[in-house]
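J.:
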Amino acid sequence: MARALVVLFTLLSILPAFAEPTIRPRLRKVTFPLTDRHELSALEASGGFEIVEVAGGRVVALQRTERPDETAWVPVPAGLAVLSEDVDQELAPFSAQGSEGAYHSVAENQSELADWAARFPDLCRVESIGRTFEGRDIWALRITGAADPKTVPRMLIFGLIHAREWASAELPHYIIKKLVNGYAADPAIKKIVDSRAIWVVPVTNPDGLAYSQGQYTMWRKNRSRRGSSVGVDINRNFEVGWGLGSSSSPGSDVYRGPSFASEEETRAVLALAQRERFHVTLSFHAYSELVLYPWGYSEDDPPGKAVLARHGKAMAQANGYTPGSVAQILYVAGGGTDDTLFLRHGCWPFTFELGTQFVPPENQIDPLCAKNWPAVLHLIDALPGLAQTPPPVGVAATASRRLAALEQAWVRSRTALFEDMQGAGGSTVDELLATLAGQVQTDPALAGEIERRARDPRLVGLYTPLVRAIRMR
Ligand code: 0X9
Ligand code: ZN
260 MARALVVLFT LLSILPAFAE PTIRPRLRKV TFPLTDRHEL SALEASGGFE
310 IVEVAGGRVV ALQRTERPDE TAWVPVPAGL AVLSEDVDQE LAPFSAQGSE
360 GAYHSVAENQ SELADWAARF PDLCRVESIG RTFEGRDIWA LRITGAADPK
410 TVPRMLIFGL IHAREWASAE LPHYIIKKLV NGYAADPAIK KIVDSRAIWV
460 VPVTNPDGLA YSQGQYTMWR KNRSRRGSSV GVDINRNFEV GWGLGSSSSP
510 GSDVYRGPSF ASEEETRAVL ALAQRERFHV TLSFHAYSEL VLYPWGYSED
560 DPPGKAVLAR HGKAMAQANG YTPGSVAQIL YVAGGGTDDT LFLRHGCWPF
610 TFELGTQFVP PENQIDPLCA KNWPAVLHLI DALPGLAQTP PPVGVAATAS
660 RRLAALEQAW VRSRTALFED MQGAGGSTVD ELLATLAGQV QTDPALAGEI
710 ERRARDPRLV GLYTPLVRAI RMR
């Protein structure tokens with residue numbers, strides 16, 4: 260009986276791998292001259308391109324066939340040249356090997372974090388911060404030598420938001436090793452760990468990583484299923500700027516989800532941020548050798564720009580990367596992790612785009628981590644100072660009575676917004692915005708109210724798309 264059950268469970272666990280349709284879009288790597296950076300997010304939202312690099316007046320992108328089963332490439336921008344006909348081929352050594360090699364797998368991520376906690380119970384605690392669509396835990400390790408970790412400056416480090424960006428889980432593991440092993444050996448590290456709480460989530464998107472390492476290396480999103488399409492881009496699913504520089508098509512690689520925070524991974528990060536009230540966050544992506552900070556949703560200068568730029572520059576000097584705001588040096592990407600951590604949670608958020616490829620050869624993992632360690636250490640060093648000067652946005656900084664009232668109205672109207680949307684049979688915020696923009700024509704008071712609210716830094720994330728839609732009419 261027990262054996263029959265084992266056989267049954269084994270069969271059940273491998274079944275999805277067979278049931279999964281293997282149709283994939285073909286991807287090729289292309290480059291073309293950059294004429295107008297403003298067209299980039301539109302290009303990406305069109306679904307035909309994924310921009311992976313913007314540098315030296317050129318764009319490098321992954322271009323996909325119009326449909327998985329078709330051979331036609333989406334309309335070609337002027338001056339396009341093909342860099343590589345089959346992106347999967349580039350990653351052949353890893354796919355053929357059928358394993359992740361030196362890279363952490365989902366199982367290894369979990370067992371290593373558990374190991375640290377078991378070996379150094381006074382310094383490390385492991386915790387699941389949420390469960391994914393496919394039921395995997397999202398594991399976090401808290402590192403601190405402080406007597407009361409709730410009262411010391413706190414920082415969150417998280418990687419692998421995007422499935423194929425394997426290198427972005429390696430630096431978090433390297434940081435853990437440096438901090439925990441350094442504790443006994445290096446008085447400077449001991450001092451750091453005793454006076455701070457550093458949370459590390461190496462793999463924020465375990466479902467995506469499992470799929471990338473098992474089935475399809477170039478997978479980017481999570482693996483949530485609604486209808487026939489699979490996956491939401493977690494880095495387009497956060498609240499602030501949701502809907503800008505992303506796609507409403509479930510098949511797109513930058514699909515923003517049916518509503519913000521619709522995804523388990525998004526909610527796990529938000530719940531942790533809410534509970535721990537981090538002062539600083541550092542996320543890792545790959546690739547492009549950039550040090551990024553807000554905004555992602557808008558090219559405007561963020562509040563607190565001097566602080567963001569100062570630390571961005573210092574870290575960029577340490578790792579040799581290029582610093583700047585996401586929208587100013589890359590493209591508009593709304594609904595990313597950092598804008599929401601900044602505006603709603605009062606964190607100082609930074610993101611590195613590591614290295615020059617999604618999955619560097621294994622012998623480059625360690626050099627890549629070593630190159631970035633001084634930059635990471637800069638931010639860890641700066642944490643107490645940054646904790647004392649929170650950004651001039653966010654809940655803690657602006658909880659005046661007027662704003663609290665406004666915020667409540669906003670939460671109410673936001674709920675109503677989504678209910679209306681469903682009632683009207685619409686399925687996207689774009690449609691909702693179009694409807695509201697239409698109503699504004701017959702209701703000038705509504706327009707005034709929206710314009711007024713849009714100027715409030717706490718509400719800007721919600722109202723910016725609306726104001727744009729209104730102005731476009
Ligand atoms: O587009 C993205 O999501 C990031 N680039 S990637 O090639 N790794 O997909 C850049 C956005 C960075 N923004 C935030 N961290 N919020
Ligand atoms: Zn990424």
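At position 179 of the sequence shown (counting the first as 1) the number is 438 in my numbering, and the numbers step up by one without a gap. Yeah, the Cβ is synthetic: ideal placement off N, Cα and C, and Gly gets one too.
1) Tell me whether Cys383 is buried or exposed, calling it buried when 16 or more other Cβ atoms sit within 10 Å of its Cβ.
2) If you draw a straight line from the C-alpha of Gln647 to the C-alpha of Ala361, how long is it?
3) Tell me the start and end of each unbroken alpha helix (DSSP H) in the stretch 500-546 that is at least 4 residues and wholly inside, in chain order.
4) Kindly indicate which three-state DSSP category Ser659 falls into: helix, strand or coil?
5) Given this structure, state the Cα-to-Cα distance separating His570 from Leu415, to the nearest angstrom.
6) Ala399 and Val489: beta carbons closer than 8 Å?
7) With distances taken from CA atoms, which of Phe617, Pro509, Ala373 and Gly593 is nearest Gly486?
8) Can you check whether the C-beta of Ala422 is within less than 8 Å of a C-beta belonging to chain B?
9) For Thr581, write down the residues that DSSP places opposite it in a beta bridge.
10) Is Glu303 helix, strand or coil when you go by DSSP?
11) Should Asn496 be labelled buried (16 or more other beta-carbon atoms within 10 Å of its own) or exposed?
12) Decide if Thr596 is buried, meaning its Cβ has at least 16 other Cβ atoms within 10 Å, or exposed.
13) Residues in the same chain with beta-carbon distance under 7 Å from Ser736, minus the five sequence neighbours each way, listed in chain order, please.
14) Flag Leu567 as yes when its Cβ comes closer than 7 Å to any non-hydrogen atom of ligand 1, and as no otherwise.
15) By how many angstroms is the C-alpha of Leu339 removed from the C-alpha of Pro562?
16) For Trp425, collect the residues of the same chain with a Cβ closer than 6 Å to its Cβ; drop the 5 residues on either side in sequence, then sort them by chain order.
17) Across the stretch 447-466 and the stretch 405-414, are there enough close Cβ pairs to call them in contact, namely three or more that are closer than 8 Å?
18) Looking only at its chain, what residues have a beta carbon closer than 6 Å to the beta carbon of Phe609, apart from the 5 residues adjacent to it on each side?
19) Return yes when at least one heavy atom of ligand 1 lies under 7 Å from the C-beta of His570, else no.
20) Determine, using beta carbons only, whether Ile310 and Tyr590 come nearer to each other than 8 Å.
21) Given 7 Å as the limit, tell me if Ala366 has its C-beta closer than that to any heavy atom belonging to ligand 1.
22) First and last residue of the beta strand (DSSP E) that includes Gly441?
23) When you compare only the Cα positions, how much space is there between Ser506 and Gly614?
24) With a threshold of 7 Å on Cβ separation, who are the neighbours of Val346 within its own chain once the five nearest residues in sequence on each side are excluded?
25) Select from Glu359, Trp607 and Phe291 the residue whose C-alpha is nearest the C-alpha of Pro620.
26) Regarding Asp597 and ligand 1, is the C-beta to nearest heavy atom distance less than 7 Å?
27) Given 7 Å as the limit, tell me if Val585 has its C-beta closer than that to any heavy atom belonging to ligand 1.
28) Using DSSP's beta-bridge definition, name the partner residues of Ala361.
29) At the level of alpha carbons, what is the spacing between Lys436 and Thr463?
30) Cα separation between Asn368 and Phe611?
31) Restricting to Cα atoms, I'd like to know which of Ser427, Arg413 and Arg526 is closest to Leu419.
32) Quick one: Cα of Glu524 to Cα of Ile639, how far?
33) With a threshold of 16 other CB atoms inside 10 Å of the CB of Val726, please say whether the residue is buried or exposed.
34) Taking the beta strand (DSSP E) that Asp295 belongs to, which residues open and close that run?
35) Leaving aside the five residues before and after Ala641 along the sequence, list all residues of the same chain whose C-beta is less than 7 Å from its C-beta, in chain order.
36) Should His604 be counted as a contact of ligand 1 given a C-beta to heavy atom distance under 7 Å?
T.: This is what the structure gives:
1) With 16 or more other Cβ atoms within 10 Å, it is buried.
2) Between Gln647 and Ala361, the alpha-carbon positions lie close to 39 Å from each other.
3) Qualifying alpha helix (DSSP H) stretches, in chain order: 523-535.
4) Low confidence applies here, because Ser659 scores a pLDDT of 34, under 50, leaving its location unreliable; read the following figure in that light. It is coil, neither helix nor strand.
5) The straight-line gap from Cα to Cα measures roughly 16 Å.
6) Between Ala399 and Val489, the CB-CB gap reaches or exceeds 8 Å.
7) Relative to the Cα of Gly486, the nearest Cα in the group Phe617, Pro509, Ala373 and Gly593 belongs to Pro509.
8) Protein chain content of the structure displayed is limited to a single chain, and chain B is not contained in it.
9) Paired residues: Leu549.
10) In this structure, Glu303 counts as helix in the three-state DSSP scheme.
11) Buried: at least 16 other Cβ atoms inside 10 Å.
12) Buried is the call here.
13) The question about residue 736 has no answer, for the chain in this structure spans 260 to 732.
14) Because no heavy atom of ligand 1 lies under 7 Å away, the Cβ of Leu567 does not count as near it: no.
15) Approximately 38 Å, taken between the alpha carbons.
16) Non-local beta-carbon contacts of Trp425 in its own chain, meaning distances under 6 Å to residues more than five positions away in sequence, involve Tyr362 and Val618 in chain order.
17) Segments in contact, yes.
18) Only Leu541 and Tyr552 meet the Cβ criterion.
19) Incorrect: His570 has no Cβ contact closer than 7 Å to ligand 1.
20) Result yes, Cβ atoms of Ile310 and Tyr590 sit closer than 8 Å.
21) Judged by the Cβ position, Ala366 fails to qualify as a neighbour of ligand 1 at the 7 Å threshold, every heavy atom of the ligand being at least this far.
22) Looking at the DSSP string, Gly441 is not in any beta strand (DSSP E); the run it does join, the alpha helix (DSSP H), is Ala426 to Ala444.
23) Straight-line Cα distance between these residues: approximately 26 Å.
24) Hits under 7 Å: Leu286, Arg287, Lys288, Leu321 and Met477.
25) Residue Glu359 is the option with its Cα nearest to Pro620.
26) If you check the C-beta of Asp597 against ligand 1, you find a heavy atom less than 7 Å away.
27) Because some heavy atom of ligand 1 lies under 7 Å away, the Cβ of Val585 counts as near it: yes.
28) Per DSSP, none; premise fails for Ala361.
29) So the two alpha carbons sit approximately 19 Å from each other.
30) In this model, Asn368 and Phe611 are separated by some 20 Å (Cα to Cα).
31) Cα-wise, what sits closest to Leu419 is Ser427.
32) Their Cα atoms are separated by approximately 25 Å.
33) Burial call: buried.
34) Careful: Asp295 lies outside any beta strand (DSSP E) and carries neither H nor E.
35) For Ala641, where only same-chain residues beyond five positions count, the Cβ hits under 7 Å are His570.
36) Flag unset: Cβ of His604 not near ligand 1.
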